[in-house]
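Please read the structure below before turning to the comments.
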Amino acid sequence: MRTITSWDLFCRVVDNYGDIGVCWRLARQLVQEHGHTVRLWVDDLRSFEKLCPSVDVTAQAQRVSGVDIRHWGDDAQVATLLAADTHPTLHDVVVGAFACPTPEPVLALMAEQATHGTAPVWINLEYLSAENWVAEHHAMQSPHPRLPLVKHFFFPGFARNTGGVLRESHLGAQRAAFEAGPAAHQALWHRLRVDDLMRAQPDALRVSLFAYANPALPTLVAQWEASPQPVICLVPEGLAATQIAELLGDVGAARIGARWTRGNLTVAVVPFVPQEHYDPLLWACDINFVRGEDSFVRAQWALRPFIWHIYPQSDDVHLIKLDAFLARYTAALPQADADTLTAFWHAWNGAPASLNWPALVAAIPRLRIRAVTWEQGLMQLGDLAANLVAFCEKQVK
Ligand code: TRH
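Quick look at the structure:
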């Protein structure tokens, strides 16, 4: 009987950091929690470096945090790197993340291994969605049109009969340790270079803002300025920071350390931190604005109210995904709070007129309770990495 202990994971960076963010998290978890071997193929090492500064952007092959990283270039380069590797055959599982294509040399090798009955399990790791059809499509198979290979569709999700979402086994303990004492908070604020601000305004509402450029931002900033309670907005350098700087008449000044104060609002541009340092920022804020896929999931594990800026797709199909998640998340909220959250998420995703910050703030106590029950429900699905391992083991039994 074959067992599953090793993985070839292919990641194409389509945009921003979510593609590599998810793959890097999964790769580390397979190594650290399952003791497996992972070879992670990435086409864009510069985006990767942003999440993991120890990545050498010039190296074709390197090992970081126990993960073998390969620069995914053209097919010839894949073949060369494979041949040169200490492990020149494929690993037990070949994963294409976010439906990226499997390189031809890898397909050829898989087909050859298939003739000996040792073809790797072939997985298409899909995008995350709360839509109902996901459970029906999860684990479906698709035979290759030419080769004796079968691809398995593995869908992350929020419902039973999906793959769940990523969650490291130590996450709850780490979060509890962070919340237990002020030292961890102080270290975080120091790392983000805002310790003076946090000391000066201990009662301010703390907000983290990770978003794409957003037409609702001017309205939000105006409502923050007029807020009765002071608001501190921590915005990582990037798209939203640039937009805020332009909005506040300080074009080109969205550098780390930049600060603006307007009315009761203080904005601070903070560094884009390595991936493992992002969670504490979410844990330490009262409300988190997140985007894409990975930060969206991390905000759910932070047990704080969060606002999702979903990755925009053509024909507004992303709005269907947005509403599918909202339907699940708000089902257990009092109706008024469900309406408030829904209106705010809609405002943040294209309908600025309905943006109502005071209503959202008033709902925080109930949203925090919901965040806890949501976490409990999600944990019952098991975590994606463990679910994926179990799924692949089933395929080789
Ligand atoms: O960056 P994103 O918008 O990424 C993606 C991609 O664009 C992708 O093509 C698309 O399919 C997907 O969205 C839906 O958002 P995401 O997924 O939240 O990824 C951001 C990553 O950056 C995540 O792993 C968290 C990490 N991060 C840090 O490590 N440090 C930071 O300071 C911040 C703000 C984020």
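For the sequence shown, the numbering used here assigns the number 1 to the initial residue and increments by one for each residue that follows.
In this text, a Cβ means the ideal position worked out from N, Cα and C, and glycines have one as well.
Predicted model only: the values in this text are computed from it and were never measured.
Exercise for the section: Please confirm whether A27 and L9 have their CB atoms less than 9 angstroms apart. Expected result: yes
Practice task
Report buried or exposed for S314, applying the criterion of at least 16 other Cβ atoms within 10 angstroms of its Cβ.
Solution key: exposed
Handout entry: Own chain partners of L109 with C-beta closer than 6 angstroms, once the 5 adjacent residues on each side are dropped
Key = L90
Exercise for the section: Examine the ligand TRH and report whether any of its heavy atoms sits within less than 8 angstroms of the Cβ of P156. Expected result: Not under cutoff, so the answer is no.
Problem - As assigned by DSSP and simplified to three states, the class of R259 - result: strand
Exercise for the section: Taking all protein chains shown into account, decide if A84 is buried (16 or more other Cβ within 10 angstroms of its Cβ) or exposed. Expected result: exposed
Handout entry: Of the listed residues V78, V94, S129 and S6, nearest to G292 (C-alpha basis)
Key = S129
Practice task
With a 10 Å radius around its C-beta and 16 neighbouring C-beta atoms as the bar for buried, classify A119 as buried or exposed.
Solution key: Buried, by the Cβ-count rule.
Handout entry: Start-to-end residues for the alpha helix (DSSP H) that takes in R25
Key = For R25, the enclosing alpha helix (DSSP H) stretches over residues G18 to H34.
Handout entry: Which listed residue (I307, A159 and L381) has its alpha carbon closest to that of L209
Key = I307
Practice task
Please state if the CB of V14 and the CB of V165 are separated by a distance shorter than 9 angstroms.
Solution key: no
Problem - As assigned by DSSP and simplified to three states, the class of R70 - result: strand
Problem - Length of the line joining the Cα atoms of A159 and A173 - result: 25 angstroms
Exercise for the section: Compare the C-alpha of Q395 against each of F154, P105, V64 and W189 and name the closest. Expected result: It is F154 whose Cα lies nearest to the Cα of Q395.
Practice task
Please find out if some non-hydrogen atom of the ligand TRH comes closer than 8 angstroms to the beta-carbon of W16.
Solution key: Residue 16 is actually Asn in this sequence, not Trp. At a threshold of 8 angstroms, N16 counts as near the ligand TRH, since its beta carbon sits closer than that to one of the ligand's heavy atoms.
Exercise for the section: Please find out if some non-hydrogen atom of the ligand TRH comes closer than 8 angstroms to the beta-carbon of V31. Expected result: no
Exercise for the section: Please say whether P105 and L82 have beta carbons closer to each other than 9 angstroms? Expected result: yes
Handout entry: Distance cut-off 8 angstroms: R46 Cβ against heavy atoms of the ligand TRH
Key = R46: no, Cβ never under 8 angstroms from the ligand TRH.
Problem - Cβ pair count under 8 angstroms reaching 3, the segment 309-324 against the segment 121-135 - result: The segment 309-324 is in contact with the segment 121-135.
Exercise for the section: Could you please give me the residues that DSSP links to K151 through a beta bridge? Expected result: W122 and S142
Problem - Where N387 falls: helix, strand or coil (DSSP) - result: N387: helix per DSSP, three-state reduction.
Handout entry: Stretch pair the segment 199-207 + the segment 279-293: three plus CB contacts closer than 8 angstroms
Key = yes
Exercise for the section: Have a look at P271, Y17, W189 and V150 and flag the residue whose alpha-carbon is nearest the alpha-carbon of R46. Expected result: Answer by Cα proximity: Y17.
Problem - Proximity test, S295 beta-carbon vs the ligand TRH heavy atom, cut-off 8 angstroms - result: Checking the Cβ of S295 against the ligand TRH gives yes.
Handout entry: Spatially closest choice to S6 from N161, V121 and A79, by CA coordinates
Key = Per the C-alpha coordinates, the member of N161, V121 and A79 positioned closest to S6 is V121.
Exercise for the section: Give a yes or no on whether the minimum CB-CB distance between Q376 and chain D is below 9 angstroms. Expected result: Included in the structure is just one protein chain, with no chain D present.
Practice task
Mind checking who D8 pairs with in its DSSP beta bridge?
Solution key: R39 and V94
Exercise for the section: May I have the straight-line CA-CA distance separating Q32 from A386, to the nearest angstrom? Expected result: 12 angstroms
Problem - Alpha-carbon to alpha-carbon, T115 and T330 - result: T330 and T115: Cα-Cα distance of roughly 50 angstroms.
Problem - Close-in-space but distant-in-sequence residues of the same chain around W224 (CB under 6 angstroms, 5 per side omitted) - result: V231 and L265
Handout entry: Heavy atom of the ligand TRH within 8 angstroms of F210 beta-carbon
Key = yes
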